[in-house]
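Here the structure comes first, spelled out in structure tokens, and everything after it is commentary.
Protein chains: 2
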Amino acid sequence: MRNIKAVVQYDGSRYFGFQAQLDPEHLPTVQEKLEDAIGGLLKEPTRVYSAGRTDRGVHALGQVVHFYTESLIPVDKLANAVNQHLPKDIYILSTTEVPLQFHSRKCALGKHYQYRVWNSDDHCVFGNQYFYHYPGQLDDALMQKACKLLEGTHNYQGFAAAGSTVKTFVRTVYYMNMRRDGQWLTFDVYGNGFLYNMVRIMVGTVLDIGLHRKSIDVIPEVLATQNRHLAGRTAPASGLYLKSVFYP
Amino acid sequence: MRNIKAVVQYDGSRYFGFQAQLDPEHLPTVQEKLEDAIGGLLKEPTRVYSAGRTDRGVHALGQVVHFYTESLIPVDKLANAVNQHLPKDIYILSTTEVPLQFHSRKCALGKHYQYRVWNSDDHCVFGNQYFYHYPGQLDDALMQKACKLLEGTHNYQGFAAAGSTVKTFVRTVYYMNMRRDGQWLTFDVYGNGFLYNMVRIMVGTVLDIGLHRKSIDVIPEVLATQNRHLAGRTAPASGLYLKSVFYP
Numbered sequence: 752m753r754n755i756k757a758v759v760q761y762d763g764s765r766y767f768g769f770q771a772q773l774d775p776e777h778l779p780t781v782q783e784k785l786e787d788a789i790g791g792l793l794k795e796p797t798r799v800y801s802a803g804r805t806d807r808g809v810h811a812l813g814q815v816v817h818f819y820t821e822s823l824i825p826v827d828k829l830a831n832a833v834n835q836h837l838p839k840d841i842y843i844l845s846t847t848e849v850p851l852q853f854h855s856r857k858c859a860l861g862k863h864y865q866y867r868v869w870n871s872d873d874h875c876v877f878g879n880q881y882f883y884h885y886p887g888q889l890d891d892a893l894m895q896k897a898c899k900l901l902e903g904t905h906n907y908q909g910f911a912a913a914g915s916t917v918k919t920f921v922r923t924v925y926y927m928n929m930r931r932d933g934q935w936l937t938f939d940v941y942g943n944g945f946l947y948n949m950v951r952i953m954v955g956t957v958l959d960i961g962l963h964r965k966s967i968d969v970i971p972e973v974l975a976t977q978n979r980h981l982a983g984r985t986a987p988a989s990g991l992y993l994k995s996v997f998y999p
Numbered sequence: 752m753r754n755i756k757a758v759v760q761y762d763g764s765r766y767f768g769f770q771a772q773l774d775p776e777h778l779p780t781v782q783e784k785l786e787d788a789i790g791g792l793l794k795e796p797t798r799v800y801s802a803g804r805t806d807r808g809v810h811a812l813g814q815v816v817h818f819y820t821e822s823l824i825p826v827d828k829l830a831n832a833v834n835q836h837l838p839k840d841i842y843i844l845s846t847t848e849v850p851l852q853f854h855s856r857k858c859a860l861g862k863h864y865q866y867r868v869w870n871s872d873d874h875c876v877f878g879n880q881y882f883y884h885y886p887g888q889l890d891d892a893l894m895q896k897a898c899k900l901l902e903g904t905h906n907y908q909g910f911a912a913a914g915s916t917v918k919t920f921v922r923t924v925y926y927m928n929m930r931r932d933g934q935w936l937t938f939d940v941y942g943n944g945f946l947y948n949m950v951r952i953m954v955g956t957v958l959d960i961g962l963h964r965k966s967i968d969v970i971p972e973v974l975a976t977q978n979r980h981l982a983g984r985t986a987p988a989s990g991l992y993l994k995s996v997f998y999p
């Protein structure tokens, strides 16, 4: 048996998240499309494991998955061959053979997410599935400061959606930054792990601060009290991109 | 009663065309969304008439519609008010009161369509609903020539999908042009009217000529013989934009 690691891009717009659902309506997921394409090519039932489930509407520039196969197909030919069987909005960038003990989620040291905002008072009918349209006059310097306050090792439960069942809410955000290019804002967030909706709530809070709708003081307050109600709104899935996953 | 003309933009990606369907699954259409939004705001059942039905997946930058209303709402406030009731991917640019005899389709002198092509050998998972991905080395000068051969007053039946029930297949294409900006091609087509799939088949034929898969001689041949099989493939709906509609 061989273990194959694959780096995958996808447009999450029309998928109900990464993870295959046990549902009667059989809503399409990225995992199911990958399993169908790989399993169909290799002619063996295939289970695909990911570094992290992305939610409905979230995109990936460098999601990492792994799967086991008995097939002897050369690994350098695999990406191209699977891509022929995938829909246009999912694409394997590379495939490499890895030791059997490699696990895309358990071995990950951290992840890099990007969040894209269109800061404009105009309306645009196109592409709203790829960014968050946020009108208003934003205080960029203040948002920069807010990003820096979100870095560090903290209990981030106040920046997580309710209902997460995790052992600990402590995570480390290595780096968080916001840069502007005209009307476009890009947030970069690097961390060793993220709670449910954590990036989206952090970005939503920073935007509220940038609009002076919230004080920057809510950040240390939420980190100290874990009070979700003090934090800002959850920014929509459309702006979120899983950029890359880091391994030793 | 008043007659209101509205200029409308929409992202056609998730709609089953402009025209409301009589179907059991009730697939969403642009017309239905407009009628719901206008009718809901004005509190009267509203029928919306368009300058032309666009097909499933076709976009509009300047579709024109009209509707009748008993409402006394100021016409300059109407666009903004209706937009509050519309989904993000449909937007009314302007509303004006017009004489009762104005009809968006019957009074139209012509239309301007744009068609967008991404000419690249790369793969992109994002935005494929907004253009036609066409790889290969294209002969731009030859495509320019082909566009010019498609201008004029002709029987365009060979450039129409089968099954059209129209009185005449004669149309006038005033102007057809292709311009390149890096990997992006934009076709502009102006005409007094278009047959079913006509722009998409003309563009598909020009691209086949640009790739030297077809000879440029097929254009006069198809115009002379109306033989659809000699023309090229129908380019997908994703690249097509109704840019504007012209009136006296």
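Line by line, the protein sequences give chains A and B. Those letters in the first sequence? Residues 752 to 999, by my numbering. Those letters in the second sequence? Residues 752 to 999, by my numbering. Every residue gets a Cβ at the ideal spot worked out from N, C-alpha and C, and that includes glycine.
Answer yes or no: does any C-beta atom of chain A fall closer than 8 angstroms to that of residue i?
i: N879(B); result: yes
i: I841(B); result: yes
i: L836(B); result: It is His, not Leu, that sits at residue 836(B) in the sequence shown. Closer than 8 angstroms: no.
Grab me the residues of residue i's own chain with a C-beta within less than 7 angstroms of its C-beta, minus the 5 sequence neighbours each way, in chain order.
i: A982(B); result: G909, F910, I952, T956, V969, V973
i: Y998(B); result: C858, A859, L860
i: E783(A); result: A771
i: G942(A); result: G861, K862, R922, T923, V924, Y925
i: Q740(A); result: Residue 740(A) cannot be examined here, being either before or after the span of chain A that is shown, 752 to 999.
i: M949(B); result: Y907, F910, A911
i: F882(B); result: R867, V868, W869, S989, G990
Is there at least one Cβ from chain B nearer than 8 angstroms to residue i's Cβ?
i: H874(A); result: yes
With a CB to CB cut of under 8 angstroms and the five nearest residues on each side skipped, what residues in its chain are close to residue i?
i: D891(A); result: M929, R931, G961
i: V849(B); result: N754, I755, K756, H817
i: T976(A); result: G909
i: T780(A); result: Y766, F767, G768, F769, Q770, A771, Q772
i: A988(A); result: G763, D806, R807, G808, V809, R951
Whose C-beta lies closer than 6 angstroms to the C-beta of residue i among residues of the same chain, with five residues either side of it excluded?
i: L793(A); result: T820, S822
i: H836(B); result: A788, G791, L792
i: L785(B); result: V799
i: I843(B); result: A757, V759, A830, V833, N834
i: Y885(B); result: V868, N870, L958
i: R979(B); result: G909
i: S966(A); result: none
i: H905(A); result: L974
i: R984(A); result: G955
i: G887(B); result: L962
i: V940(B); result: Y864, M927, V950
With 8 angstroms set as the bound, which would you pick, yes or no: does the beta-carbon of residue i sit closer than that to a beta-carbon of chain D?
i: T916(A); result: The structure shown contains no chain D; its protein chains are A and B.
In the segment 756–768 of chain A, which residues sit with their C-beta less than 8 angstroms from some C-beta in chain B, listed in chain order? Q760, Y761, D762
Can at least three beta-carbon pairs, one atom from the segment 989–997 of chain A and one from the segment 811–831 of chain A, be found at a separation below 8 angstroms? yes
Within the chosen definition, does the segment 925–938 of chain A reach the segment 850–860 of chain A through at least 3 CB pairs nearer than 8 angstroms? no
Taking contact to mean 3 or more Cβ pairs, one atom from each stretch, closer than 8 angstroms, check whether the segment 871–882 of chain B and the segment 752–763 of chain A are in contact. yes
Complete runs of the beta strand (DSSP E) confined to the segment 921–946 of chain B [at least 3 residues]: 921–932, 935–942
Jot down the residue ranges of each uninterrupted alpha helix (DSSP H) in the segment 756–833 of chain B, minimum 4 residues, whole runs only, in chain order. 781–793
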